[in-house]
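In the working numbering, the protein residues as written are 15 to 772. Ideal placement from N, C-alpha and C gives every residue a C-beta, glycine not left out. All values derive from a computational prediction rather than experimental measurement.
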């Protein structure tokens, strides 16, 4: 197949600007062109770009826009990302990429003292605040209400909105370092206030402009009047006549106009305060949009370097929180938009299911989403096999992501449905499976691979009758190790786990029992635990369903990678991120499969080829009817009518084993005629035939008839302190080690409480 070549226009040195519709445009800088194809490695591409712009290889990142979407920048960080970018521009001759330099932070400001000179100090100097380490990466604090009153006079009126330790709440005003060294960035603000008659679209815009003006002219001010329709400000220095008053125009209810202003300063800008966290937010917002991981420590360094203003960590953190809310929207409002979101998903993607429930106090409880493209793809092209898993979210509020995924014909993860719940409980799992049942239009018995917790077992058997529940081997081995506690060395436990896996994959019952007898020789307790853990639900030789050798439920890790990049966003935006990822995944896999020329998917072609290579050493002997005897290292019986081989490889995988292929060749048939239909390229294309459609911006909900309904959903309980648990431990029904008396050898007591010694 011919390689795809495109011309990449590399741009660097410019700046991103936000247009009125929220899209980003790139202004200024230099541009160079590079010819690349889908064979180029990312490291070679990045090195060529670094040499072209004479910049550091490690300090640059490469980004591009999706065609037709200039609101979202996609980062290219590996070979797969580069390949996707080329495929996305398959129909174009050129592709624009943007080289963004990661700025190196200045020296740690905590080791620098503030200037005390009358010209360079904008506040009473206070040593930089040393914050505890556990505050540094805490992004779970509540957002500051953007409508809260602003106070530049040293009284911090927003502290009440934060649950921070006392040492953090003692926040000092912003201070500056020598102005002459850092005046360049502030020069642009010197003429932002022009005088009487100047108009502003809102009081908020006037306040922000005034703060920038004060920074540029090195003075500070205090409010005399400050409300929604008027602002009166005077210079904070005693006796200085500088003063400004702005109020609402009588002809409009929005515009603010400067009515009076005395521009004369007699103070020289000495010993005053300036700034507010919302000002910090306005400065860093554009950069935060491009670099979501912009750290408060780097904000401190950048503000000091660019504007000469010394922030402490808390001011930078709060400024970042305000900027995040301005960019992402309110967490609280996002929950109130869920009714609108669910309706729009089902309206724009007919056949989808999106529903939610609340508790008695109207707080959020559960949200279930299954797009029609995913439901249809599963029913049309995937094996009747579903993987259930749960993922804790590191969000501002408590949350667990429940997922249902499938395996497509190429053995890749295919998303089917997901749900956000307040906690992983039996009731929530039951609700999730009930919604999944109503969304799936199939009567075919399903096989589930999931944890063995009791509530999940009961829900699967109750809701999906005649289905099969295969235990996840990963969680099973974890529970075995927990229950064995410290009785065995690490090496012995390793042998037990290895043998448990061998027993699970053993295709025949005699092999299973032989391996478990080996475990019995190591530990009778471990053997008893294994035999009581219901092997019929996890051992290949005993399992009645069809799990196609998939022994773990970790297919949900695809959702984990998506959610981990977005779990600090409001819930509606997390949903949209997942929707976008599913949409992109379906698009790329569909376009990839259009190039396939084989009857089976690539991974299945490879497996079939490996089995075919073993055929030359086998001899086929016809017996009766459709049965054949195949001799090699072992003697196996193949039943062609029943698609069965005594080695069990054909039944377990859905592909003919080497013994079956030997018989198929002998009777002059093609091995492709005896492969599961789920592995065909045709079924794979059916899996990805439907597309996930875009959803309108949920902010529109505030402008329509949903406004009353939106108020009925409130945020759930806040996430408690500490690291979230990685997995809820299921009910432990395995046999526990009992206490044994060292004197009488009886069970249930020790020698101190032995009655026979009394």
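message: Tell me the residue span of the beta strand (DSSP E) that contains residue 663.
response: No beta strand (DSSP E) holds residue 663; the alpha helix (DSSP H) holding it covers 663-667.
task: Count the other C-beta atoms from every protein chain shown that fall within 10 angstroms of the C-beta of residue 343, then say buried if there are 16 or more, exposed otherwise.
output: By the neighbour-count rule (16 or more Cβ atoms within 10 Å), residue 343 is buried.
message: Judging by CA-CA distance, which residue of 112, 62, 695, 370 is the nearest neighbour of residue 608?
response: Selected option, being the one with the closest Cα: 695.
field: For residue 188, three-class secondary structure by DSSP
entry: For residue 188, the predicted model reports a pLDDT of 45, less than 50, meaning its position is unreliable; a value from the coordinates is still stated below. Three-state DSSP puts residue 188 in coil, outside helix and strand.
query: Alpha carbon to alpha carbon, how far is residue 536 from residue 507?
result: C-alpha separation (whole angstroms): 10 Å.
6 Å CB neighbourhood of residue 560 in its chain, flanking five on each side removed: Correct list, in chain order: 461.
task: May I ask you to report which of helix, strand or coil DSSP gives residue 327?
output: If DSSP states are grouped into helix, strand and coil, residue 327 belongs with the helices.
query: Going by the beta-carbon positions, is the gap between residue 391 and residue 701 smaller than 8 Å?
result: Contact flag set, yes.
task: Report the rounded CA-to-CA distance for residue 337 versus residue 706, giving the unit in angstroms.
output: Roughly 31 Å between the two C-alpha positions.
- request: Report the three-state DSSP secondary structure of residue 685 (helix, strand or coil).
  value: If DSSP states are grouped into helix, strand and coil, residue 685 belongs with the helices.
- prompt: So which of 264, 259, 80 has the shortest CA-CA distance to residue 276?
  reply: Comparing Cα-Cα distances from residue 276 to each of 264, 259, 80, the minimum goes to 259.
field: Length of the line joining the Cα atoms of residue 237 and residue 708
entry: Cα to Cα, the separation comes out at about 46 Å.
- prompt: When you compare only the Cα positions, how much space is there between residue 661 and residue 495?
  reply: Rounded to the nearest whole angstrom, the C-alpha separation of residue 661 and residue 495 is 31 Å.
- prompt: Counting Cβ pairs closer than 8 Å, one from the stretch 89-109 and one from the stretch 52-60, do we hit at least three?
  reply: Flag = yes, the stretch 89-109 and the stretch 52-60 touch.
query: Going by C-alpha distance, which of 595, 380, 361, 411 is nearest residue 444?
result: Closest option to residue 444, Cα to Cα, is 380.
- prompt: Under the rule that 16 or more other beta-carbon atoms within 10 Å means buried, what is residue 21, buried or exposed?
  reply: So residue 21 ends up on the exposed side.
- prompt: Taking DSSP as the reference, what is the three-state secondary structure of residue 227?
  reply: Helix at residue 227.
query: Got a sec? Which residues, its chain only, sit under 7 Å from residue 18 by beta carbon, not counting five neighbours each side?
result: 51, 52, 100, 104.
message: Measuring alpha carbon to alpha carbon, tell me which residue in 378, 348, 386, 374 is nearest residue 368.
response: Looking at the Cα atoms, 386 is the closest of the given residues.
query: Roughly how many whole angstroms lie between the Cα atoms of residue 247 and residue 312?
result: The straight-line gap separating the alpha-carbon atoms of residue 247 and residue 312 is approximately 32 Å.
- prompt: Who does residue 634 pair with in a DSSP beta bridge?
  reply: Residue 634 pairs with 644.
- prompt: What is the residue span of the beta strand (DSSP E) that residue 39 lies within?
  reply: 38-41 is the extent of the beta strand (DSSP E) around residue 39.
message: Among the candidates 331, 333, 314, 469, whose CA atom is the shortest distance from the CA of residue 324?
response: The residue with the shortest Cα to Cα distance from residue 324 is 314.
- prompt: The alpha helix (DSSP H) spanning residue 591 covers which residue range?
  reply: Where residue 591 is concerned, the enclosing alpha helix (DSSP H) starts and stops at 585-607.
message: According to DSSP, simplified to helix, strand and coil, what is residue 650?
response: In the three-state reduction of the DSSP assignment, residue 650 falls in the strand class.
query: Which first and last residues belong to the alpha helix (DSSP H) in which residue 449 is found?
result: According to the DSSP assignment, residue 449 belongs to the alpha helix (DSSP H) that extends over 440-453.
- request: Verify whether the separation of the beta carbon atoms of residue 389 and residue 453 is less than 8 Å.
  value: Cβ distance < 8 Å, so residue 389 and residue 453 count as in contact.
- request: May I have the straight-line CA-CA distance separating residue 207 from residue 114, to the nearest angstrom?
  value: Taking the CA atoms as reference points, residue 207 sits about 32 Å from residue 114.
message: Relative to the C-alpha of residue 363, which candidate in 704, 768, 728 has its C-alpha closest?
response: Restricting attention to 704, 768, 728, the CA atom closest to the CA of residue 363 is found in 704.
- prompt: Opposite residue 534 in the DSSP bridges: which residues?
  reply: For residue 534, DSSP records no beta bridge to any residue.
- prompt: Within 7 Å: the Cβ of residue 605 and any heavy atom of the ligand FAD?
  reply: The model on display carries no ligand, and the ligand FAD is accordingly not part of it.
field: Bounding residues of the alpha helix (DSSP H) (the contiguous stretch that carries residue 823)
entry: Outside the displayed range of the chain (15 to 772) lies residue 823, so it cannot be described from this structure.
- prompt: Which same chain residues, not among the five before or five after residue 522, have their C-beta less than 7 Å away from its C-beta?
  reply: For residue 522, same chain residues with a beta-carbon under 7 Å away, outside a window of 5 residues either side, are 555, 662 in chain order.
- prompt: What separation, rounded to the nearest whole angstrom, lies between the Cα atoms of residue 43 and residue 300?
  reply: One C-alpha to the other measures close to 17 Å.
- prompt: Which whole-angstrom value describes the C-beta separation of residue 489 and residue 466, a residue pair presumed to lie in contact below a C-beta threshold of 8 Å?
  reply: Indeed, because the Cβ distance is near 7 Å, the residues count as touching under 8 Å.
task: Assign residue 690 to one of two classes, buried (16 or more other C-beta atoms within 10 Å of its C-beta) or exposed (fewer than that).
output: By the 10 Å Cβ count, residue 690 comes out buried.
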